[in-house]
Every structure is written in structure tokens, then in C-alpha cells.
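Trainee: This is the structure I have questions about; it appears just below.
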Amino acid sequence: MDVSYGMKKFKLESSYNEYSDDLSFIAEEKVKYYIYVGSDIKTHFDERIKEIVLGFYKNILFYILYGLDDSILPRTPVFVEKLQSLFGSGMFNRNQKIGDMNLMISHIWNTKKVHLQFDRIKTDLVDDYSVKLHMHSLIIEEQIKMDDF
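Now the structure itself:
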């Protein structure tokens with residue numbers, strides 16, 4: 022994970038300017054979040070991607086999220102096995118309650134520089150699932166904490 026330091030063309034700690042032509046602003050907290058509107062990335066591990074969200078802190082890529090198509094649900098174990106073959110077994114959480122969300126499956130991998138997480142989430146309010154693969158820079162996370170201090 023530290024070697025590739027990203028997913029596909031997106032590299033953590035790269036400049037906003039590398040992607041700015043294909044971004045649509047959606048929210049800002051300490052990090053500015055954008056939807057990637059480019060059409061060049063359609064799959065990850067042969068699974069369809071519904072959306073890509075990028076988060077930038079001080080114009081540096083901090084966060085990458087792939088919202089995967091719900092059709093992955095029956096193949097979740099295969100997708101997780103692919104991640105485990107690349108990054109090892111990681112940590113596993115099941116059935117955690119977070120607000121109004123019921124986090125059914127969560128696999129987490131950490132290195133010195135990167136936090137990678139795969140979630141299968143079902144909301145209590147509707148019978149709907151979302152599947153997300155996301156990562157962020159632990160280095161920039163520390164910078165954000167120091168800037169808040």
C-alpha cells in the first residue's frame with residue numbers, strides 16, 4: 022500500500038491540480054471533497070464503480086473513496102480475498118452500530134502511511150446497502166491534527 026500510495030490513477034499526497042478538470046465540488050469541512058466526474062475509471066478488481074470521491078487538504082490529496090455498485094454484494098468475499106492477497110489479513114469488524122448506520126462488514130489495513138478500509142453498510146432506515154473502498158493518508162491526518170492544535 023505504501024508503494025502504490027493510492028488507487029489506480031489517484032495517488033495520496035498528489036496535487037489537486039492533477040485532477041481539477043475532472044472534479045465537481047460537493048462539501049468542505051477541514052477537507053474539501055469532490056466527486057470525480059471523469060469517465061476513464063469504471064471498475065476496480067472487475068467490480069463496477071458508482072462514484073469516486075476525492076478529499077483534498079490544502080490542495081493535497083488526502084482521501085480516496087470508491088463507491089462500488091451494489092451488484093458486488095454476493096461477491097463480497099471474493100473482493101475481500103483480493104484485498105487480503107495484496108495487503109494481508111488486516112483487521113475485521115462486524116455488526117458495529119454507527120449512528121443510524123449498521124456497519125455489517127468492515128475490513129481494515131494500516132501501514133505507516135496509509136489507512137485502507139472496505140465497508141459493506143446497511144442503513145436501518147431502508148433496506149439498502151452501500152459498498153465502499155476508501156483510503157486516506159495517515160501522514161496528512163497527522164498534519165490535520167497538528168494544524169488543529
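If you count the sequence shown from 1, you need to add 21 to reach my numbering. The C-beta atom is built at its ideal place from N, Cα and C for all residues, glycine as well.
(1) Going by C-alpha to C-alpha distance, which of H65, F139, D43 and I47 sits closest to F113?
(2) Just to confirm before moving on: does the CB-CB distance between I161 and Y78 stay below 8 Å?
(3) Roughly how many angstroms separate the alpha carbons of N38 and L75, rounded to a whole number?
(4) Within the chosen definition, does the stretch 54-73 reach the stretch 128-143 through at least 3 CB pairs nearer than 8 Å?
(5) Given a threshold of 16 other Cβ atoms within 10 Å of its Cβ, counted over all protein chains shown, does V152 qualify as buried or as exposed?
(6) Across which residues does DSSP place Q138 in a beta bridge pair?
(7) In the DSSP assignment, find the unbroken alpha helix (DSSP H) run with K41 in it and report its ends.
(8) How would you write the range of the beta strand (DSSP E) that F100 sits in, first residue to last?
(9) DSSP three-state call for E162: helix, strand or coil?
(10) List the endpoints of the continuous beta strand (DSSP E) containing K79.
(11) Look at the Cβ atom of I70, then the Cβ atom of Y87, and state whether they are nearer than 8 Å.
(12) Taking 6 Å as the limit between beta carbons, can you name the residues of its chain near I129, skipping five residues before and five after?
(13) Measure the CB-CB distance between H157 and F108 and report whether it falls below 8 Å.
Mentor: The relevant details are as follows:
(1) Translated into the one-based positions of the sequence shown, residue 113 becomes position 92. For F113, the nearest C-alpha among the options comes from F139.
(2) Residue numbering aside, residue 161 sits at position 140 when the sequence shown is read from its first letter. Residue numbering aside, residue 78 sits at position 57 when the sequence shown is read from its first letter. Result yes, Cβ atoms of I161 and Y78 sit closer than 8 Å.
(3) Your numbering for residue 38 matches position 17 in the sequence shown. Your numbering for residue 75 matches position 54 in the sequence shown. Answer to the nearest angstrom: the Cα atoms are 13 Å apart.
(4) no
(5) Within the sequence shown, residue 152 is the residue found at index 131, counting from 1. With 16 or more other Cβ atoms within 10 Å, it is buried.
(6) Walking along the sequence shown from the start, residue 138 turns up at place 117. The partner list for Q138 (beta bridge, DSSP) reads I129 and H155.
(7) For the purposes of this step, residue 41 is taken as residue 20 along the sequence shown, with counting starting at 1. The sequence shown places Ser at residue 41, rather than the Lys named in the question. No alpha helix (DSSP H) contains S41, which DSSP labels as neither H nor E.
(8) In the sequence shown, the residue the question calls residue 100 occupies position 79. Looking at the DSSP string, F100 is not in any beta strand (DSSP E); the run it does join, the alpha helix (DSSP H), is T97 to F108.
(9) Stepping through the sequence shown from its first residue, residue 162 is reached at position 141. E162: helix per DSSP, three-state reduction.
(10) The residue you call residue 79 lines up with position 58 of the sequence shown. Here K79 belongs to no beta strand (DSSP E), and DSSP marks it neither H nor E.
(11) Your numbering for residue 70 matches position 49 in the sequence shown. Your numbering for residue 87 matches position 66 in the sequence shown. Going by C-beta atoms, I70 is nearer than 8 Å to Y87.
(12) Indexing the sequence shown from 1 puts residue 129 at position 108. Closer than 6 Å at the Cβ level, and outside the excluded window around I129, lie G111, M112 and Q138.
(13) As a position in the sequence shown, residue 157 is number 136, starting the count at 1. As a position in the sequence shown, residue 108 is number 87, starting the count at 1. Not a contact, by the Cβ cut-off of 8 Å.
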